[in-house]
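Written out below as structure tokens is the structure these notes cover.
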Amino acid sequence: MKRWMSVLRTPVGLTATVLSIGVLVLAVVAPLLWTDNADAIDTDDILAGPSAQHWAGTDNLGRDIFYRTLVATRLSVELALAATVIAVVVGLLIGTAPYLLGRRPGRVVLAGTNIAVAFPGILLALFFAVIFGVGAKGAVLAIGFAGAPTFGRLTQTLVAGISSRDFVAAAHVAGVPRLRILFRHVLPNVSEPLVVNATIGAGAALLSFAGLSFLGLGVQQPAYDWGRLLFDGIGSIYVNPAAALAPGIAVLVAGLAFNLFGESVAKGLGVGVVGGIPALPPSPEALEADAPAAEQAHGSGTDLVLDVRDLEVAFPGPTGPIRPVRGVSFSVRRGEALGIVGESGSGKSLTALAVSRLVEAPGRVDAARLDLLGSDLRVEETKAQRRLLGTSLAMVFQDPMTSFNPTRRMGGQLAEGARHHQGLDRASALARAVDRMRAVRISEPERRAHQYPHEFSGGMRQRAMIGMGLMGSPALIVADEPTTALDVTVQQQVLDLLAAIRAAEDVALVLISHDVTVVGEVCDRVLVMYAGKIVEDLPAADLAATARHPYTRALVAAVPDMDTDLDAPLAVIPGRPVDPADVPAGCAFAARCPLATARCHAEEPPLEADGTGRRVACWHAGEPIDLEVDGSLLGRDEREEVEAR
Amino acid sequence: MALASSVATSPRVGVWSHPWVRFGVRRLGRLLVSLWVLVTASFLMIHLIPGDPVRAALGPTAPAALVAAKREEMGLDDPLLAQYWHYLQSLFTGDLGTSITLQLPVSQVIAQRLPATLALAFLAFAVAVAIAVPLGVTMGVRTRRGHGRRTELAFTGTSVVLGIIPDFLLGVLLVYVFAVTLGWLPVAGNDSPSAYVLPVLALAVGPAAILARIIRVEMVTVLQADFVRTARAKRLPARTVHLGHALPNALTASLTLGGLILTSMVAGTVLVENVFAWPGLGSMIVSSILNKDYQVVQAIVLVYGVGVLLVNTLVDVALALLDPRSMIRED
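Those protein sequence lines, which keep their order, are chains G and D.
Going by this note's numbering, the first sequence runs without a break in its numbering and finishes at 1050.
Going by this note's numbering, the second sequence runs without a break in its numbering and finishes at 1723.
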């Protein structure tokens, strides 16, 4: 009950509740108070418009329409509730039938319900109205039966969900009769959504009833409900529009009130609504911040493909901006393979998205320099720039299963960019797509090009994604965890392919990974990111032996190799990654660092070059650590975290 | 059902292995079963009515001989199964019986009335889609990733309220404002093009509001999908990303619910026609029910039912065209 009260906390919920209660109160008191006013015949004042005496005018016998509308509340609500009760009871019978009757008869009931649900309620109501006869009683039965299939299906779904639970299974094993299980275990657990939907159903029944009465098939004179008043009123809409508007508004207010009340309760309880609008899914993990950035003052030669200085990415947070990438500088030369490693939350993926100009508002990207092939990417995107990005920069994303449009053929998806940027016609763009698919070793590319993504395996899709990047003449491939979502057996194929393309076409590669081994294997140089900053920048060959930052060393130590003692627990990095919303003062890694001293907690170490082309940000760089104690299978860890999001 | 299961058990060879063939056969099987249920229900309708439908139609004062003759003519005294068989046979030959009150073949009555209803339904459908798709897409793009919170609130609030207002009440309201008060448009009938405006609006606004809301939600979801990021990475223009990549995916999810809305629109014509004295099937069925002219009622119920089934089938086909995975999902 307490949870039901939460409805009152939203403005809509509160309004709907107050209105619903108001309608119910009116239904009780109006006939007691005003029946005489409503029935009083005033032959001097027939079909009059609104006046001080008759607020909504009078009908063809001179009766006051305002009072008649008020008094009609009771009958309208009574009939709607009666119809709802019928709908719920019959619906429960239909809905629990499959459970009680067993598989075969259950399937027949299910199929019948599914066919009935396909027909709109009003059509079913008309059908039943013919069978049950014109009049209030017939209409109640008609609307009740018309609503039953929907309830039946809802009950079926709910019961099926509950009856597969353990406690129901346990009751079965214990030999409790099905009917008893239904009443003791199943129905109590589905009552909440049923009640909520019944409330909404009552609103719908009220409106349907008004509809039937309006057609002249419901309440008959001398009785009257809102629909009947509307039916009488619309005939004289030129003479006195109020006669039609008053009951119309009453129906609308009451119907809206019940409906919105039910919806608000449903929302408050987190209950699904029949035919309702699916709830908005939680917004995607905009803050997947994981990017290392290697600040690299690499020579200013003209062979620079990508040059990044002081890159920052910020998102608005509840208490000020969150900065998952905090000042990252690096550059990539033609043909170079740069790896970026770090845990999830380190900012490595966001760095990749930022340099590719794919961070969407409300995310903000700032940089002192962000050049791709000498073109400044910080300025407003121009057509020439889109073309440059579209042809020279290839992206490979983590999950090939979701990165292709499921509704379009693969060939078309590959060809699309070329048609747009290179002005190729449909046929030649498709021919190039087929050629590129062959280049990434997809067998039977002509046939494959006509297939949809779901007909491709994961590894094949990732190769197709790489092929898509090769449609232009890429100078840089940014691959964000390109093998994480793949089977171990195909990971190597994809890495080999990337390496082969780099070698053949002299393309630069930025490879984002949580996996030190992958990066060490493919890349020339590695940036290690932690909490949105680069903490170390070193040649990949030096990773294993001479890494100097304690975090880099922990990452390397966390990888089991042939010498790892299989009986010992896997190495783990203690503590948790830093929350980008709450970066501590001093060195961000200090809390997890075995070498941390007071200075580390107070003062942030700058990223300094050591003169040999390597950079490191640590007050204790290179000091010895006993890493046997702790260390972690960071990769696993991180992957789980990514999935958990 | 029978057809569908025979396909499922047969080995997947030759033409049966083609997804479109399997889909077509299965969907056709479902349509036929639904049609059979519909026809049987409409047949049983007359027999479920308490009392004698002929007596009811002709009135309590009609001579017993006349009632008996009419019963004889309609074959109501034959065994039920024989009647059922006869009913199915007549349906296949297009014979829907004779209207007791109009003294006309029912098929002729329907042929007279159907075009007006179809015109209304199609126009309303077109208007609803023409409003809902651009509106839903625009709103989806503008409110993605938590943008435009206020726009979203205003849009959702308005569309919820508009979606709940029943079509016939909206019709009354429109008549009051545009026909009675302003006098811009005719209050009833279908004699001039301007007479279409109000009934079409009355039918279209609610479904358009609901549909636009669904499309917005779906667009917001789809715009977060990885493949939209891929499309952006290809540096396609925003229009291509939104309409070419996001929209088809948003529509597949919207279509299922949209189909329900569209079928309810078919039925919605019944009420709206009565508001505007529209000379279609909707006003006919009501007067026939009141006059107890059951053969007409039976036939019109059948026509509406077939309409609904056709819409549902078309929605499934459209779904399969938009998203080929939906064909497989049903397997």
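Here a beta-carbon is modelled for each residue, glycine too, at the ideal position from N, C-alpha and C.
Taking a Cβ-Cβ threshold of 8 Å, the residues of chain G close to residue 1663 of chain D are 527, 616, 619, 620, in chain order. Assignment of residue 1493 of chain D by DSSP, reduced to helix, strand and coil, places it in the coil class. Residue range 709-722 is occupied by the beta strand (DSSP E) that includes residue 717 of chain G. Residue 513 of chain G and residue 1626 of chain D have their C-alpha atoms roughly 50 Å apart. Taking C-beta separations shorter than 7 Å and ignoring five residues to either side along the sequence, the partners of residue 1649 of chain D in its chain run 1606, following chain order. When only Cα atoms are considered, residue 463 of chain G and residue 1708 of chain D end up about 51 Å apart. When secondary structure is reduced to three states using DSSP, residue 1618 of chain D falls in the helix class. Using a CB distance below 8 Å, the part of the stretch 539-569 of chain G facing chain D consists of 539, ordered along the chain. Rounded to whole angstroms, the gap between the alpha carbons of residue 728 of chain G and residue 956 of chain G is 21 Å. Counting only residues of its own chain and dropping the five nearest sequence neighbours on each side, residue 519 of chain G has a CB closer than 8 Å to the CB of 558.
Neighbourhood of residue 781 of chain G in chain D, by CB distance below 9 Å: empty, with the nearest CB roughly 16 Å away.
Contact between the stretch 491-499 of chain G and the stretch 552-569 of chain G is present: 3 or more CB-CB pairs across the two stretches fall below 8 Å.
Between residue 1656 of chain D and chain G, the shortest Cβ-Cβ separation is below 8 Å. Residue-level contact check: residue 1463 of chain D does not touch chain G, since none of the beta carbons of chain G fall below 8 Å from its beta carbon. In the three-state reduction of the DSSP assignment, residue 952 of chain G falls in the coil class, being assigned neither a helical nor a strand state.
C-alpha of residue 768 of chain G to C-alpha of residue 747 of chain G: approximately 21 Å in a straight line. Residues of chain G whose Cβ lies closer than 8 Å to the Cβ of residue 1426 of chain D are, in chain order, 520, 523.
Flagged as an interface residue toward chain G: residue 1640 of chain D, by a C-beta distance shorter than 8 Å. From the beta-carbon of residue 1478 of chain D, no residue of chain G is found nearer than 8 Å; the closest lies around 21 Å away.
Scanning its chain for C-beta atoms nearer than 7 Å, with the 5 sequence neighbours on each side dropped, one finds around residue 603 of chain G the residues 489, 493, in chain order. In this structure residue 1545 of chain D does not touch residue 1571 of chain D by the C-beta definition: roughly 33 Å separates them, more than the 8 Å allowed.
The DSSP assignment places 407-410, 416-444 as complete runs of the alpha helix (DSSP H) inside the stretch 406-467 of chain G, in order along the chain (cut-off: 4 residues). Bridge partners of residue 771 of chain G according to DSSP: G/717. For residue 807 of chain G, the residues of chain D that pass the 7 Å Cβ criterion are 1617, 1618, 1619, in the order they occur in the chain. The C-beta distance from residue 1696 of chain D to residue 1658 of chain D rounds to 6 Å, short enough to meet the 8 Å contact threshold.
When the beta-carbon positions are compared, residue 446 of chain G and residue 473 of chain G stay at least 8 Å from each other. For residue 1437 of chain D, the nearest CB of chain G lies under 8 Å from its own CB, placing it at the interface with that chain.
Note on the stretch 608-644 of chain G: whole alpha helix (DSSP H) runs with a minimum of 4 residues are 631-640, in chain order. The criterion of a C-beta distance shorter than 8 Å is not satisfied by residue 749 of chain G and residue 711 of chain G.
In this structure, the alpha-carbon of residue 580 of chain G lies about 55 Å from that of residue 1622 of chain D. Residue 534 of chain G places its beta carbon less than 8 Å from that of residue 617 of chain G. With a beta-carbon spacing of about 11 Å, residue 906 of chain G and residue 884 of chain G fall beyond the 8 Å limit used to define contacts.
In this model, residue 1477 of chain D and residue 1460 of chain D are separated by some 21 Å (Cα to Cα).
Beta-bridge analysis with DSSP links residue 736 of chain G to G/712. Within the stretch 627-648 of chain G, those residues whose Cβ lies closer than 8 Å to any Cβ of chain D are, in chain order, 635, 639, 642, 643, 646.
If you draw a straight line from the Cα of residue 1518 of chain D to the Cα of residue 1702 of chain D, it is about 17 Å long.
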